[in-house]
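Undergrad: Chains as they are written, first to last, in numbering that gives the first Met the number 0: chain A, 0 to 559; chain B, 0 to 559.
There are 2 protein chains.
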Amino acid sequence: MSRQAYALGIDFGTESGRALLLDLRTGAEVAVSETRYRSGVIDRVLPETGEELGDDWALQDPDDWMAVVETAIPSVLAAADVPAEEVIGLGVDFTSCTVLPVRGDGVPLCTLPEWRARPHAWPKLWKHHAAQPVADRLNEVAAERNEEFLSRYGGRLSSEWYFPKLIELWLADRGVYDAAAGFIEATDWIVWHLTGNERRQRCAAGYKACWSERDGLPPTDYFEAAYPGFSRPAEKLGTTFFPLGTRAGTLRAEIAARLGLPETVAVAVGNVDSFVSVPGAGVEKPGIYLMVVGTSICDLVIDPDEVRLPGITGVVADGILPGFYGYEAGQVAVGDMLAWFVDELGGPGGDGDGYAEFERAAARLEPGATGLVALDWWNGNRSILADADLTGAILGLTLQTRPDEIYRALLESIAFGNRRVMENFAEHGLELGEVVACGGVAEKSPLLMQVIADTSGRRVRIPAASEIPARGAALFGAVAAGAEAGGFDDIATAVAATRPATARAYEPDREAMPIYDRVYAVYRSLYESLGRAQADLLRGLKRIRVDRAAQSAEKGEPGE
Amino acid sequence: MSRQAYALGIDFGTESGRALLLDLRTGAEVAVSETRYRSGVIDRVLPETGEELGDDWALQDPDDWMAVVETAIPSVLAAADVPAEEVIGLGVDFTSCTVLPVRGDGVPLCTLPEWRARPHAWPKLWKHHAAQPVADRLNEVAAERNEEFLSRYGGRLSSEWYFPKLIELWLADRGVYDAAAGFIEATDWIVWHLTGNERRQRCAAGYKACWSERDGLPPTDYFEAAYPGFSRPAEKLGTTFFPLGTRAGTLRAEIAARLGLPETVAVAVGNVDSFVSVPGAGVEKPGIYLMVVGTSICDLVIDPDEVRLPGITGVVADGILPGFYGYEAGQVAVGDMLAWFVDELGGPGGDGDGYAEFERAAARLEPGATGLVALDWWNGNRSILADADLTGAILGLTLQTRPDEIYRALLESIAFGNRRVMENFAEHGLELGEVVACGGVAEKSPLLMQVIADTSGRRVRIPAASEIPARGAALFGAVAAGAEAGGFDDIATAVAATRPATARAYEPDREAMPIYDRVYAVYRSLYESLGRAQADLLRGLKRIRVDRAAQSAEKGEPGE
Numbered sequence: 000m001s002r003q004a005y006a007l008g009i010d011f012g013t014e015s016g017r018a019l020l021l022d023l024r025t026g027a028e029v030a031v032s033e034t035r036y037r038s039g040v041i042d043r044v045l046p047e048t049g050e051e052l053g054d055d056w057a058l059q060d061p062d063d064w065m066a067v068v069e070t071a072i073p074s075v076l077a078a079a080d081v082p083a084e085e086v087i088g089l090g091v092d093f094t095s096c097t098v099l100p101v102r103g104d105g106v107p108l109c110t111l112p113e114w115r116a117r118p119h120a121w122p123k124l125w126k127h128h129a130a131q132p133v134a135d136r137l138n139e140v141a142a143e144r145n146e147e148f149l150s151r152y153g154g155r156l157s158s159e160w161y162f163p164k165l166i167e168l169w170l171a172d173r174g175v176y177d178a179a180a181g182f183i184e185a186t187d188w189i190v191w192h193l194t195g196n197e198r199r200q201r202c203a204a205g206y207k208a209c210w211s212e213r214d215g216l217p218p219t220d221y222f223e224a225a226y227p228g229f230s231r232p233a234e235k236l237g238t239t240f241f242p243l244g245t246r247a248g249t250l251r252a253e254i255a256a257r258l259g260l261p262e263t264v265a266v267a268v269g270n271v272d273s274f275v276s277v278p279g280a281g282v283e284k285p286g287i288y289l290m291v292v293g294t295s296i297c298d299l300v301i302d303p304d305e306v307r308l309p310g311i312t313g314v315v316a317d318g319i320l321p322g323f324y325g326y327e328a329g330q331v332a333v334g335d336m337l338a339w340f341v342d343e344l345g346g347p348g349g350d351g352d353g354y355a356e357f358e359r360a361a362a363r364l365e366p367g368a369t370g371l372v373a374l375d376w377w378n379g380n381r382s383i384l385a386d387a388d389l390t391g392a393i394l395g396l397t398l399q400t401r402p403d404e405i406y407r408a409l410l411e412s413i414a415f416g417n418r419r420v421m422e423n424f425a426e427h428g429l430e431l432g433e434v435v436a437c438g439g440v441a442e443k444s445p446l447l448m449q450v451i452a453d454t455s456g457r458r459v460r461i462p463a464a465s466e467i468p469a470r471g472a473a474l475f476g477a478v479a480a481g482a483e484a485g486g487f488d489d490i491a492t493a494v495a496a497t498r499p500a501t502a503r504a505y506e507p508d509r510e511a512m513p514i515y516d517r518v519y520a521v522y523r524s525l526y527e528s529l530g531r532a533q534a535d536l537l538r539g540l541k542r543i544r545v546d547r548a549a550q551s552a553e554k555g556e557p558g559e
Numbered sequence: 000m001s002r003q004a005y006a007l008g009i010d011f012g013t014e015s016g017r018a019l020l021l022d023l024r025t026g027a028e029v030a031v032s033e034t035r036y037r038s039g040v041i042d043r044v045l046p047e048t049g050e051e052l053g054d055d056w057a058l059q060d061p062d063d064w065m066a067v068v069e070t071a072i073p074s075v076l077a078a079a080d081v082p083a084e085e086v087i088g089l090g091v092d093f094t095s096c097t098v099l100p101v102r103g104d105g106v107p108l109c110t111l112p113e114w115r116a117r118p119h120a121w122p123k124l125w126k127h128h129a130a131q132p133v134a135d136r137l138n139e140v141a142a143e144r145n146e147e148f149l150s151r152y153g154g155r156l157s158s159e160w161y162f163p164k165l166i167e168l169w170l171a172d173r174g175v176y177d178a179a180a181g182f183i184e185a186t187d188w189i190v191w192h193l194t195g196n197e198r199r200q201r202c203a204a205g206y207k208a209c210w211s212e213r214d215g216l217p218p219t220d221y222f223e224a225a226y227p228g229f230s231r232p233a234e235k236l237g238t239t240f241f242p243l244g245t246r247a248g249t250l251r252a253e254i255a256a257r258l259g260l261p262e263t264v265a266v267a268v269g270n271v272d273s274f275v276s277v278p279g280a281g282v283e284k285p286g287i288y289l290m291v292v293g294t295s296i297c298d299l300v301i302d303p304d305e306v307r308l309p310g311i312t313g314v315v316a317d318g319i320l321p322g323f324y325g326y327e328a329g330q331v332a333v334g335d336m337l338a339w340f341v342d343e344l345g346g347p348g349g350d351g352d353g354y355a356e357f358e359r360a361a362a363r364l365e366p367g368a369t370g371l372v373a374l375d376w377w378n379g380n381r382s383i384l385a386d387a388d389l390t391g392a393i394l395g396l397t398l399q400t401r402p403d404e405i406y407r408a409l410l411e412s413i414a415f416g417n418r419r420v421m422e423n424f425a426e427h428g429l430e431l432g433e434v435v436a437c438g439g440v441a442e443k444s445p446l447l448m449q450v451i452a453d454t455s456g457r458r459v460r461i462p463a464a465s466e467i468p469a470r471g472a473a474l475f476g477a478v479a480a481g482a483e484a485g486g487f488d489d490i491a492t493a494v495a496a497t498r499p500a501t502a503r504a505y506e507p508d509r510e511a512m513p514i515y516d517r518v519y520a521v522y523r524s525l526y527e528s529l530g531r532a533q534a535d536l537l538r539g540l541k542r543i544r545v546d547r548a549a550q551s552a553e554k555g556e557p558g559e
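1) Measure the alpha-carbon distance for R470(A) versus R307(A) and round it to whole angstroms.
2) Which chain B residues sit within Cβ distance under 8 Å of T369(A)?
3) Note down, in chain order, all residues in the stretch 521 to 549 of chain A with a beta-carbon under 8 Å from any beta-carbon belonging to chain B.
4) Within 10 angstroms of the Cβ of G26(A), are there 16 or more other Cβ atoms? Answer buried if so, exposed if not.
5) Helix, strand or coil for K126(A), going by three-state DSSP, please let me know.
6) Mind reading off the beta-carbon distance from E114(A) to A178(A)? Whole number of angstroms is fine, and I expect it under 8 Å.
7) DSSP three-state call for V450(A): helix, strand or coil?
8) If you measure from the CB of A120(A), is any heavy atom of the ligand GTP nearer than 7 Å?
9) Residue range of the alpha helix (DSSP H) that G88(B) falls in?
10) Take the Cβ of P132(A) as the centre, count every other Cβ of all protein chains shown within 10 Å, and call the residue buried at 16 or more, exposed below.
11) Identify which residue in L394(B), A387(B), T390(B) and Y161(B) has its Cα closest to the Cα of T390(A).
12) So, P242(B) versus R201(B), is the Cβ gap smaller than 8 Å?
13) Measuring CA to CA, which of V29(B), E404(B), L156(B) and H128(B) is closest to A141(B)?
14) With a threshold of 8 Å between beta carbons, is V494(A) in contact with chain B?
15) Over the uninterrupted alpha helix (DSSP H) stretch that includes T219(A), give me the two end residues.
16) In whole angstroms, what is the alpha-carbon distance linking A392(B) and I514(B)?
17) Taking the DSSP output, what are the residues bridged to A472(A)?
18) With C-beta atoms as the reference, is E506(A) less than 8 Å away from G286(A)?
19) Which residues, in chain order, does the stretch 483 to 509 of chain A contribute to contact with chain B at a C-beta distance below 9 Å?
20) I'd like to know whether the C-beta atoms of G329(B) and S382(B) end up nearer to each other than 8 Å.
21) Considering only C-alpha positions, which residue in the set Q533(B), A373(B), V521(B) and L536(B) is nearest to R542(A)?
22) Tell me the DSSP secondary structure of V314(B) in three-state form.
23) Please give me, in chain order, every unbroken run of the alpha helix (DSSP H) with length at least 4 that falls completely inside the stretch 190 to 258 of chain B.
24) Under three-state DSSP, which class holds I514(B)?
25) To be precise: take each residue of the stretch 384 to 418 of chain B, compare its Cβ to all Cβ atoms of chain C, and keep it if any distance is under 9 Å. Which residues remain?
26) Please classify R509(B): is it buried, with 16 or more other beta-carbons within 10 angstroms of its beta-carbon, or exposed?
27) I'd like to know whether the C-beta atoms of G154(A) and A385(A) end up nearer to each other than 8 Å.
28) Taking the beta carbon of G428(A) as the centre, do at least 16 other beta carbons fall within 10 Å, making it buried, or is it exposed?
29) According to DSSP, E113(A) sits in a beta bridge with which residue or residues?
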């Protein structure tokens, strides 16, 4: 590849979308532009009608996504000052499972006057949690029937996924359900919008809709058992899913013209934001443990073999990179647990500065010096206990305990929780070497990165790249374009050619490691007893609280 | 008793002494005066020499105690405007075990120029903890030898007690040890100072020096086994101890003259501050559970029978009221745990106001609504686990947890810890009815009192008296004076005649009780697992911290 070529990646996040122009010869991030969604997360009232939404609702407006395409792409092109014909490919990634009902021609129902006032016609954002009762029912029936597919998902389906959201729609608004030709991932929808071709991809289908190439969807009689009458699970989903990097098509003429791009730009099938960080961070081989560290942690591993192991979010063939089984695991409360402490208990500095202050003060403490250990279950435990009803704990408190010691203990608990996830992979034959970390908290907390190195005994490397998911999306765009066009034949070649340098690396501290081994032994014992053998204690506390709230509500007392 | 009579009580606390004039016909508190100790708690440097004291040291100056006598008594007499001849008795109570080495004539060694520069010549305050290694050794040997006396103390001697402090002196400064004719409780010393008679009492001897009327002191060969060469345990203590209420003598002429009191004023043998709260609070019968609620909680029970039960501080014949076995139990971190939370984690309001704010906010929450449970072991657990190495815990934390919920959980943990102590008494045949509570936190936290009522299922009554220990001391003074002089023949009669009214009573809330039963079941399970079966986890955390500090100290790193 000698001639100059660029690819565009668009990363659709929760509050905004970011477009990146990537130089395919050097891997340099040439230009970036962010466009915030005008309506952001719609979680209080429905636009226009003002209808109040339930507590667990979270919607988005597809117009906001289209605005990212129309604004951010011309903006990066202008900033980059690159000849438009040198842009050869485009890839997108999106939050997931963000899904919307669409007409047969791809028009979102919520954009049509006859459905606009119906909340269920709108795209449901990944963190829309109103389908929890459906997820509970689906899990219960899957466990009863000992459904084989469940073991690919660590034994539990999330309420955030495709079928809970689809069945919620089916139960709550049959009119919208019947009017929808499809119920589609936003990432697949935006590709359809860009190319005119409906090309759903395997990543979301595998991780969020329980599909596998070998077994297809969960069996119809399973759904029928859980929800009699809901008998055609593929009706709104289809059964054809394309591998990542597949060319979905090229830009529609009218869009290409508006954006100032040639119609020849190849568009890859859609991607999911966390998974696309793997190529984005320069990872294309097994044995590397990628952590996306933000509000929560998403751990991603690829391996040539399929292993069923407990407590993962999912294992999907070709789900992350074609040719590998992709494993996802995670910790639920990370950045938000630290933010909780700073905001709620951090005193007057709880304004962002408070965070930096605690980070500095905690960094001055020695490993093992706090006498504290925490269980990082402020929002339940995903990996490896898969128990949303667990809650957090701090142990070892004395009259001498200082706030910075508690902050450090919380931070250490994230690293201990992570060590447990890594051990789980190793115990099931997936050997991991280096840790690669990216995401906001990986940048913001060198202390957390060092403690992860010290507790895991592994080097933690931070890639020198600021737009990891968009990079990954752009690389799939370059694969869709192909080597002949100046792109790449496959994603591994693309990654190798553009791999970002290392911004920082944290080596395990040989003195800290044995001390953390001792603290981790305590953590691990508490993990087993409070997380398994005695898990009913923590669950019981939650139960009492829930019962109490229900009782108060019955009596008409003010709720929480 | 028809003629007017008054008694004086002096309560020697940690930072000050308070004198009370009590009307023996009505039980009214006629006048009170407080005198702060000029040197307070001497815990940094020795006065005059400026020698630095160790971390765990806490001394006092006997001149400060004498200043209370000389200042506070004239002050209450002046304020009361009562004829001096109507004052018939005087009693004192003191923190314990606060002990000092004295010459044969009762002069404290630390007041003599030749010993003044020697730290061990000074009175060691109850909370002087530098004798912990001695206490550890004494406990170890007592357990090995299966010493019978140990079971009177719930299986563990405290470092605060008489023999740890005496042996610390014997080990560290043989010169002072040999020069001391006696090593005496401050309460017995002040009575000696007032009357010229050395009359040590049974309360401190029993609770702090492991003496009993039946068995005497622990055997000489026990001490010899623990500390070869330390072979005469009674040498500085004596073997004669007088029942509470015994007349030690009358005021020395020169003191009487200086104070403006008749020489006929009868002085009772000394008392210990927590125990004397029993008569002070109007309790003279078995079946009542008296809680002195302050920085820590001291629980006092009297019963005609002797029962050996685990986890109490001690059971002593005649130790609280003559004719009964007196039981002491307790919780170590109470007011100071709440203060820790307000000061360290309570945000900008942590200035005293913060406390009231949290109290109000926590009172608005419903029982069971926090989803939290805490183990109140911020300073170890006294009753009933007797394990100083346990540490505190908060469980059930979520991203929604608010500071006022944590505050309430800490407060509830005090009540749960108390319920466990009460259950322990009941399990061993000591049936308890009403709870009577006094002390600073009992006044300051109606919420804690209500929660204790709700968790124990018992009425909690607060006596309408502001000077409970000084009342008790004054009543013993009135008994020392005797009925003929206008006092009383025995303490039961004295208590019955002067019993304070009820200021407030908290009835158990029948709706809250079953909810707390559910939370308590969780608390109790955690108590058993983290406090017993898995106690090595919490102990291990402490061990790691201690090892780490030692390692840092070796390397010359800055300590904590």
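Backbone N, C-alpha and C fix where the C-beta goes; we use that ideal spot for every residue, glycine too.
TA: In this structure, then:
1) 30 Å
2) R544
3) V521, S524, L525, S528, L529, Q533, L536, L537, G539, L540, K541, I543, R544, D546, R547 and A548
4) buried
5) coil
6) Residue 114(A) is actually Trp in this sequence, not Glu. So it is a contact: roughly 7 Å between Cβ atoms.
7) helix
8) Among the components modelled here there is no ligand, and therefore nothing to report on the ligand GTP.
9) From DSSP, G88(B) is part of no alpha helix (DSSP H) but of the beta strand (DSSP E) over V86 to F93.
10) exposed
11) L394(B)
12) yes
13) The shortest C-alpha separation from A141(B) is found at L156(B).
14) no
15) T219 to A225
16) 21 Å
17) A472(A) pairs with nothing; no bridge assigned.
18) The Cβ atoms of E506(A) and G286(A) do not sit closer than 8 Å to each other.
19) none
20) yes
21) V521(B)
22) strand
23) Complete alpha helix (DSSP H) runs here, min 4: 201 to 207, 219 to 225 and 252 to 258.
24) helix
25) In the displayed structure, chain C is absent; the protein chains listed are A and B.
26) Residue burial is scored here from C-beta neighbours: R509(B) has fewer than 16 other C-beta atoms within 10 angstroms and is therefore classed as exposed.
27) yes
28) exposed
29) In the DSSP output, where bridge partners are listed per residue, E113(A) has none listed.
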